[in-house]
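Here is the structure we will look at.
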Amino acid sequence: MSSIRVRPLRLRAASTRWAFSLIELLVALAILGILVALLLPAVIQAREAARRMQCRSNLKQLGIAVHQYLETHGVFPAAALGGGNSSFSFNFTGYAALMPFLDAQAAYDRINFEVSRSCAFGCNHGWSRVENQEAFDTPLPIFVCPSNRRGAEVAFLFGPDADGVRWRSSHGAITDYLFNGGGFFWPNARRNESIGSRHLLGPSPLQGNTRAAQVEDGLGMTFLAGESWGGDGANQRWARGWGGSRVCERLDNGYTNPAGTLYRPAHYENFLHAAYTNTHIQTDGSAVVGGIVAVTVDFQGNPYPPNDCAYPTYSGSAARNFPNFHAGHGPTVQFVMADGSVQSLVDSIDLDVYVALSTIAGGETNHEF
């Protein structure tokens, strides 16, 4: 009888499968969301810190260019220059004079400083001439704070002028930095008889020719220029009233001041080359205004603090329509001083000190900030 061999039964191991349950997936997503929520603000802050440092670097380069100009010409550049046969004293901004010191010699060489043209909407200036359009539409990135915007030019459509010709500067290079116009209306400063009322101005006033020795308060204690942003942020903060009655508001629907002056829906932008403080009117009827200098005191003698309303609407006079210094870095504004150093000042700065820092010879040399 043959023997029967019995083979042991081998059980095949079942394959193991790993998978997330719905609850596990939700827990993982929740943890991921918490990590993103924790890390994203830090990333945003780091990026803004980098943009703020670039903004600071821009001001530093501007200070270097001004000192190269000072060494060459013996005076600080004026914030606004005359030129050509224009009867209006403001023609080109001082930034045009700085172009050779900002690696923009080619654009500078294309400017004809001896021309002007009389027409409507303020285009009696040389920067509105067709031969100057290319040069004056050339953006200079150094004048744009990356925290505020990406591009260095904006597009507006002006005209037609009195001769039926559309104003040719439909695109304009812009700046987020303005020269210091000082505290001209400040009632508390002493008068310096050696230079008259100029003691209340900054180192680069309109049509100025200030020597370094005339900055008696000290180059390191005097603003040269500072942040005064245009664009969307500034356009939400127009000043109605002055001093303690100042209220910030938009002008999307226009505004009529107590004197009866109608302000159309308006845009605030500082043109880099156009030394003109009155209103430009676009073909759609909206207004475009900007500053040549920024000030620390309004025309009634009230301090105009940093990061207050960006632009005043209380007067139709160009001499009173100067903006303040303002930015979007939180409660700080950055300045380049007359010695080329860069300082960040907080909104809570003592206003007497703040105004004193804007004058070249107000007699305040021991203030701290």
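The sequence shown begins at 1 in UniProt numbering and counts up by one.
Even glycine gets a Cβ: it sits at the ideal position worked out from N, Cα and C.
Where F179 is concerned, there is no enclosing alpha helix (DSSP H), although the beta strand (DSSP E) around it starts and stops at Y177 to G182.
For Y311, DSSP records a beta bridge to W238. Setting aside the 5 residues that flank it on each side, F156 is surrounded in the same chain by Q282 and V288, each with a C-beta closer than 6 Å to its C-beta; the list follows chain order. As computed with DSSP, E227 is found in a beta bridge with Y177.
Sixteen is the threshold: since fewer than 16 other Cβ atoms of the shown chains lie within 10 Å of the Cβ of P331, the residue is exposed. Annotated three-state conformation of A294 is strand, per DSSP.
Per DSSP, V75 is not a residue of any alpha helix (DSSP H), being assigned neither H nor E. Separation of A28 and Q45 (C-alpha to C-alpha, rounded to the nearest whole angstrom) is 26 Å. When DSSP states are grouped into helix, strand and coil, H329 belongs to the coil group. Between G285 and R264, the gap from beta carbon to beta carbon is short of 8 Å. Cα atoms of A106 and N307: separation of roughly 36 Å, rounded to the nearest angstrom. For Q133, no beta strand (DSSP E) segment is defined; the enclosing uninterrupted segment is the alpha helix (DSSP H) at V130 to F136. Between A275 and N180, the beta carbon gap of about 16 Å keeps them out of contact (Cβ cut-off 8 Å). Going by C-alpha positions, V346 is about 41 Å away from N112. No Cβ-Cβ contact shorter than 8 Å links S204 with C55. Between Y311 and A239, the CB-CB gap stays under 8 Å.
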